[in-house]
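Comments concern the structure below.
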Amino acid sequence: MAIETPSMKPKSLEWADPGFFTNQSRTRNFFRILKQLVFPPEGHKTLPTPVGIVLIALSLGIGSAAYNTSSNILFMTLSLLLSSLLLSGILAWLNFKGIQWRLNLEPHFRVGEVTPIRIELSNHKKLLPTYSLWFRVKAKVSHESKRVYLHDRLDAGTTRELNWILELKNRGTEIIEVAGLETQFPFGFLRKVIGGGISREVVVWPRRVDYKFSPKLGKRGHQPGNTLRKPGSGTELINLRSYKVGDPQRLVHWKASARQQRLMVRQMSEENQDAYLIFLETPLSKWQPGEQFEKLCAFAGSLAEDLYMQNRLLGTAINDEAVLPIKRINDLHYFLEKLAKLQPLEQYNPVNDIMGATIITFTPDNGNRVKAYVGGNEAGSA
Amino acid sequence: MSVATKQVRLSYEELYQLKWLLGGCLSLISLWTLLYLEVRSGPLITLTAAVISAGILWPSLPSKIPAVFMKAAVPSLLVVIAADFFLSRPDIIPPLIRMVILLVLARSLAYRKRREDLQLILLCLFIVVISGVLTLSLTFAFQIIIFTPCAMALLFVINLLECHDREHEIPQEGLSEFKLIHFFMRIIKIVDLRMVAFASLLFIGVLLVSTFIFVVIPRFRLDQAIPFLNLKSQKSRSGFSDTIHFGDVVEIIEDNSVALRVDLPPGVEIPQTPYWRMVVLDDYSKESFRMSSSARLKNIYDVNNVIKLKKDSPALDEVGDEAKWTFYLEGGISRFLPVLGLFDTMRFQTRQNIEINRLLRVNSTKDISSGVLFYQVENMQMMDKIPATWYERKLANLKPLIVDRSSRQGERTGLYPQTTLVLPGGSGNIETLERIVSEITEGNKLSVQEFTTRALDYLRTNHNYDLGYDVTSREEEGDVLIRWLNSKSPGHCELFAGSFTLLARMAGHPARIVTGFKGGAWNGYENYYMVRNSNAHAWCEIYDGEGSWVLVDPASGTQGYNTSGGLTAVSASTFYIDDTWRAYVDSLRILWYRRIVNFDKNTQKELTSQIKLMGSAFIDGLQFEIKQWLHNIVTWFNQPINYEKAMRIIILFIISLSIFLLIRYRSYILSQLSTEAKILGFDLGADPVRKKAGKLVVKFRNKQSELAITRGSMRQEWHDIYRDLLTLRFNDGHDRPSPRGVFRKASRLLKQKNRMI
Numbered sequence: 006m007a008i009e010t011p012s013m014k015p016k017s018l019e020w021a022d023p024g025f026f027t028n029q030s031r032t033r034n035f036f037r038i039l040k041q042l043v044f045p046p047e048g049h050k051t052l053p054t055p056v057g058i059v060l061i062a063l064s065l066g067i068g069s070a071a072y073n074t075s076s077n078i079l080f081m082t083l084s085l086l087l088s089s090l091l092l093s094g095i096l097a098w099l100n101f102k103g104i105q106w107r108l109n110l111e112p113h114f115r116v117g118e119v120t121p122i123r124i125e126l127s128n129h130k131k132l133l134p135t136y137s138l139w140f141r142v143k144a145k146v147s148h149e150s151k152r153v154y155l156h157d158r159l160d161a162g163t164t165r166e167l168n169w170i171l172e173l174k175n176r177g178t179e180i181i182e183v184a185g186l187e188t189q190f191p192f193g194f195l196r197k198v199i200g201g202g203i204s205r206e207v208v209v210w211p212r213r214v215d216y217k218f219s220p221k222l223g224k225r226g227h228q229p230g231n232t233l234r235k236p237g238s239g240t241e242l243i244n245l246r247s248y249k250v251g252d253p254q255r256l257v258h259w260k261a262s263a264r265q266q267r268l269m270v271r272q273m274s275e276e277n278q279d280a281y282l283i284f285l286e287t288p289l290s291k292w293q294p295g296e297q298f299e300k301l302c303a304f305a306g307s308l309a310e311d312l313y314m315q316n317r318l319l320g321t322a323i324n325d326e327a328v329l330p331i332k333r334i335n336d337l338h339y340f341l342e343k344l345a346k347l348q349p350l351e352q353y354n355p356v357n358d359i360m361g362a363t364i365i366t367f368t369p370d371n372g373n374r375v376k377a378y379v380g381g382n383e384a385g386s387a
Numbered sequence: 046m047s048v049a050t051k052q053v054r055l056s057y058e059e060l061y062q063l064k065w066l067l068g069g070c071l072s073l074i075s076l077w078t079l080l081y082l083e084v085r086s087g088p089l090i091t092l093t094a095a096v097i098s099a100g101i102l103w104p105s106l107p108s109k110i111p112a113v114f115m116k117a118a119v120p121s122l123l124v125v126i127a128a129d130f131f132l133s134r135p136d137i138i139p140p141l142i143r144m145v146i147l148l149v150l151a152r153s154l155a156y157r158k159r160r161e162d163l164q165l166i167l168l169c170l171f172i173v174v175i176s177g178v179l180t181l182s183l184t185f186a187f188q189i190i191i192f193t194p195c196a197m198a199l200l201f202v203i204n205l206l207e208c209h210d211r212e213h214e215i216p217q218e219g220l221s222e223f224k225l226i227h228f229f230m231r232i233i234k235i236v237d238l239r240m241v242a243f244a245s246l247l248f249i250g251v252l253l254v255s256t257f258i259f260v261v262i263p264r265f266r267l268d269q270a271i272p273f274l275n276l277k278s279q280k281s282r283s284g285f286s287d288t289i290h291f292g293d294v295v296e297i298i299e300d301n302s303v304a305l306r307v308d309l310p311p312g313v314e315i316p317q318t319p320y321w322r323m324v325v326l327d328d329y330s331k332e333s334f335r336m337s338s339s340a341r342l343k344n345i346y347d348v349n350n351v352i353k354l355k356k357d358s359p360a361l362d363e364v365g366d367e368a369k370w371t372f373y374l375e376g377g378i379s380r381f382l383p384v385l386g387l388f389d390t391m392r393f394q395t396r397q398n399i400e401i402n403r404l405l406r407v408n409s410t411k412d413i414s415s416g417v418l419f420y421q422v423e424n425m426q427m428m429d430k431i432p433a434t435w436y437e438r439k440l441a442n443l444k445p446l447i448v449d450r451s452s453r454q455g456e457r458t459g460l461y462p463q464t465t466l467v468l469p470g471g472s473g474n475i476e477t478l479e480r481i482v483s484e485i486t487e488g489n490k491l492s493v494q495e496f497t498t499r500a501l502d503y504l505r506t507n508h509n510y511d512l513g514y515d516v517t518s519r520e521e522e523g524d525v526l527i528r529w530l531n532s533k534s535p536g537h538c539e540l541f542a543g544s545f546t547l548l549a550r551m552a553g554h555p556a557r558i559v560t561g562f563k564g565g566a567w568n569g570y571e572n573y574y575m576v577r578n579s580n581a582h583a584w585c586e587i588y589d590g591e592g593s594w595v596l597v598d599p600a601s602g603t604q605g606y607n608t609s610g611g612l613t614a615v616s617a618s619t620f621y622i623d624d625t626w627r628a629y630v631d632s633l634r635i636l637w638y639r640r641i642v643n644f645d646k647n648t649q650k651e652l653t654s655q656i657k658l659m660g661s662a663f664i665d666g667l668q669f670e671i672k673q674w675l676h677n678i679v680t681w682f683n684q685p686i687n688y689e690k691a692m693r694i695i696i697l698f699i700i701s702l703s704i705f706l707l708i709r710y711r712s713y714i715l716s717q718l719s720t721e722a723k724i725l726g727f728d729l730g731a732d733p734v735r736k737k738a739g740k741l742v743v744k745f746r747n748k749q750s751e752l753a754i755t756r757g758s759m760r761q762e763w764h765d766i767y768r769d770l771l772t773l774r775f776n777d778g779h780d781r782p783s784p785r786g787v788f789r790k791a792s793r794l795l796k797q798k799n800r801m802i
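Those sequence lines, one after another, are chains A and B.
Per the numbering used here, the first sequence starts with residue 6, numbered consecutively.
Per the numbering used here, the second sequence starts with residue 46, numbered consecutively.
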């Protein structure tokens, strides 16, 4: 079965820029700026700040006084105010020039864990530094937002990383959006927003919870026949064999491969440990959305991670979906992403009497607790 | 910029200190502008400036002010301001200015957050602008040019602070440790000269743009303006009032500052020593000449921007430049308006409270302007004599009126023009005057002119001109002028004029004193007439019995408003031409008045047409030059080839080829030159080819990270060019690739890469 795994090269790693200095020709850039001043592209905004409103009111006042009185001193003041406004605009565009930014997100987000949202800001100008910028970063689903400031100047030809430490509270899909670049540079008259920001969808895994998991041993003390699916998990080398699709790279014996002119992998001794398959059933009749269901997801996720670390996780299955063998870390991440999006199903009939000795199932318990069962026996709780 | 310099930045504390310093400077600049404004607040301004300066030097000062004091400050200020407004009624501007000073002081004495900083900037801007509007001084231009970058820098720093994570924090500790010298040293260490140069260029750009806006902004005609707030000057600095106490003019002639500037119409002639007539004083009482109350009763009061002495005077647009005199009377000089003679119309920039006295031919404003007063006089005629009005024609039948001020009935001085014959009675005054007059006339009945000549001779024989003589300090009895006439003491113009007036009256000739300015200097830099306060003068007008008033200047012995020997404004070679540095500074002032303060719709039109003319003249000239040049070439080619022509063609070809080759292979030539020079022991600096290759290598390296996403063919090309660049950069051998081709390809690839990114 083909399993879709998330791309490892997120779109957000691409650089974004203000979008009006893209041409090599200075003349074209100039006319592009002029055009965008008249017809601002989507997301581009220029709003007066309180200082700007005062300046505009002042200019209007001085202008009308100048016209009424024909005082050239007032005309002179007015022209100085207007040219300051013009200078402010030019400096703001110069400040934007050569600026590129990109969003560097951690590969995984988890409920309850602080994760930095990193914006890499780069100044490609030759001489001029860049000042007083900020990004309005949003976690759209969680309705959280923050201005991430460039506190001091960014010299020409340098790069800086601006961070927002975010702690997400809900699992599921989250949209991290860098809404655009903003500045009030240089005098704080106008707030310019350059749109065309970066948006990225991230999956927030369930939180890690403390749980108890101590399954009872089977009749024979072990679980015979349940060998580990991951060769090489042991410590003792017993054989070398040809590579098969699905073998982890770390088991490739490079020297032997070089000698044999084909890929050879190490075969390690089997370890005599129990391995499990996590099976989650989430019928609405059994699980109501809420704290207990969240705990189920968190419990299943935490358990899967721990079992994987101990090489005791065979695979996972959710409701009527196919079993997902967990062979490598990406498989586990895929399972955690599924858990992140898991919701109780209205039309699902749970399988009765799952008695497999290696299958972990879950049931709700009193007081929002969740119990785990292995082979029908209670094995743990969270 | 070194790498070390790049990394040094001002901390939050230092930025706050800089903001504090800039705020203080802004306040001081605005207070400086107030020094030119007569608002009777000198001590307050000085005190505020001192406190703000102390605040700049010791920024921890505000933290030492008890909180109770700061809390009480606001209500106290409100009470003080309200009381000031109430007590200063009906004046608005002086209490308004004082209010703003107090607010600036309050804002400068407390640590400011963003909002308070903005309030401070607004208050300071208000002060600077209002001072400029009221004084119209050239200093305003200088002050606003300093104020603007200071305010911009302050706003810039506020903006930087706002982006800081300690945005609303006041760094008390940093302020208490502030040392101005250390701070400046730190700023000098941090400052990047390239950025300073860039900022300076930007500021020059701002000035140019604002000049452009100032010029192109649509205007109305100046005479259609509504008057702005006017600040009245409390006292005439020049002493030109409707009463003359002996000694007033002496005071002012010690002052060498410019009182009046006059732009003359083109081609107009003025006397070599012009008498700028301002005030006419007819009555004499209590040892003072004054404008009699009966003459004052004839004043016409109006609120207008024009004085029309001729009913059918033309409209402004119909008056040509050749008939317009522009006067710039400095603030605080006088409310009386100096003119050279009779005129049709006098126009002001804005509406004024005007007083017109058609009898004495004196015009004035109600109040003394605190700033420069501009007025334009049209069709001014300089005459030898001032024609008497119909009202004055009865003078011929009047006799001298002796008024004894010590007696009760002495208060009655008669009505104008009888007042021009008033003599001081009592204590032997009349006897003395009679004695002197008979000495002058030798008992004969003389004509006015004859009498004048003899009286002037008498005065000049018995008295010398001396500014320093103060007759008022003598504790002798009798009228001051009679005492002086009785003596052989020297005297100044007032004494000469007053004495002559009394003698003329005693002889039965109506006479009056006129004060104003005499003479002046031609400014050699900007071609205008410049009258200084030291030109203040007093002279007389004597009625000739034939319907005219004749000028008599007893101090210099001149008679008549001499129009002969006048010189045009343009060819003023025999004037006293002032070309000292002071005249140069003053010429800047007139430029300011002409080009900035008086800039209006008409000037705008003139400027536009001048630019148009200059543009078309330039294009025409260029076209002509090109045509001429082409014509010469064609002619030259059409001539038969001779030895000289052939040689010229060959030389031209060789030069062209050399230039072409130099441009084409400049990199290679420079590189070879550099290598050869090194061999010979001269270091011409880095090899330009290697230098350029090095720069491109750096650019290529910066783009290496993005190379992975490029197409295969491009990647290969990229590697090839990079290799060539490295060869050019580091290989000295002769197997180097052609630098020009490599550089061209490298630039092309970089451009392509940038587009892809």
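We put the beta carbon where it would ideally sit given N, CA and C, even for glycine.
- Listed along chain A, no residue sits closer than 8 Å to B:I235 by beta-carbon distance, the nearest being about 11 Å off.
- Chain-order list of chain B residues neighbouring A:Y378: empty, with the shortest C-beta distance near 50 Å, by a criterion of under 9 Å.
- With a cutoff of 8 Å on beta-carbon distance, B:A196 and B:L71 are scored as near each other.
- Within the same chain, and ignoring the five residues on either side of B:P139 in sequence, the residues whose Cβ sits closer than 8 Å to its Cβ are V84, R85, S86, S133 and L276.
- The criterion of a C-beta distance shorter than 8 Å is satisfied by A:V375 and A:A387.
- Per DSSP, the continuous beta strand (DSSP E) segment holding A:N382 begins and ends at N382 to S386.
- Closer than 8 Å to the CB of A:N109 there is not a single CB belonging to chain B.
- For B:I447, the enclosing beta strand (DSSP E) has its first and last residue at L446 to V448.
- The Cβ neighbour count for B:L123, taken over all protein chains shown within 10 Å, is under 16; the residue is labelled exposed.
- Within its own chain, no residue has a Cβ closer than 6 Å to the Cβ of B:H227 once the five positions on either side in sequence are excluded.
- One thing to note: B:A368 has its Cβ no nearer than 8 Å to the Cβ of B:E314.
- The DSSP assignment places 525-531 as complete runs of the alpha helix (DSSP H) inside the stretch 496-547 of chain B, in order along the chain (cut-off: 4 residues).
- Within the stretch 275-346 of chain A, the beta strand (DSSP E) runs of at least 3 residues that lie entirely inside it are, in chain order, 281-285 and 318-323.
- From the beta-carbon of B:L181, the residues of chain A found nearer than 7 Å are I78.
- At a cut-off of 8 Å, the C-beta of A:H113 has no neighbouring C-beta in chain B.
- Under the 8 Å criterion on CB atoms, A:F192 is classed as interfacial with respect to chain B.
- Here B:N474 is buried: its Cβ has 16 or more other Cβ atoms, across all protein chains shown, within 10 Å.
- For B:M575, the enclosing beta strand (DSSP E) stretches over residues Y573 to R577.
- Nearest to A:F192 by C-alpha distance, out of B:W435, B:P194, B:F393 and B:T434, is B:P194.
- For the pair B:V642 and B:L181, the CB atoms are nearer than the 8 Å cut-off.
- With contacts defined by Cβ atoms closer than 8 Å, B:L305 and B:P383 form a contacting pair.
- Judged by DSSP in its simplified three-state form, A:K197 adopts strand.
- Per DSSP, A:T135 lies in no alpha helix (DSSP H) and is assigned neither H nor E.
- In this structure, the alpha-carbon of A:T363 lies about 60 Å from that of B:Y767.
- With its beta carbon at least 8 Å from every one in chain A, B:I232 lies outside the interface.
- Assignment of A:K151 by DSSP, reduced to helix, strand and coil, places it in the strand class.
- The beta carbons of B:E651 and B:I431 sit no closer together than 8 Å.
- For B:C208, the residues of chain A that pass the 7 Å Cβ criterion are S137, W139, Y154, L155 and H156, in the order they occur in the chain.
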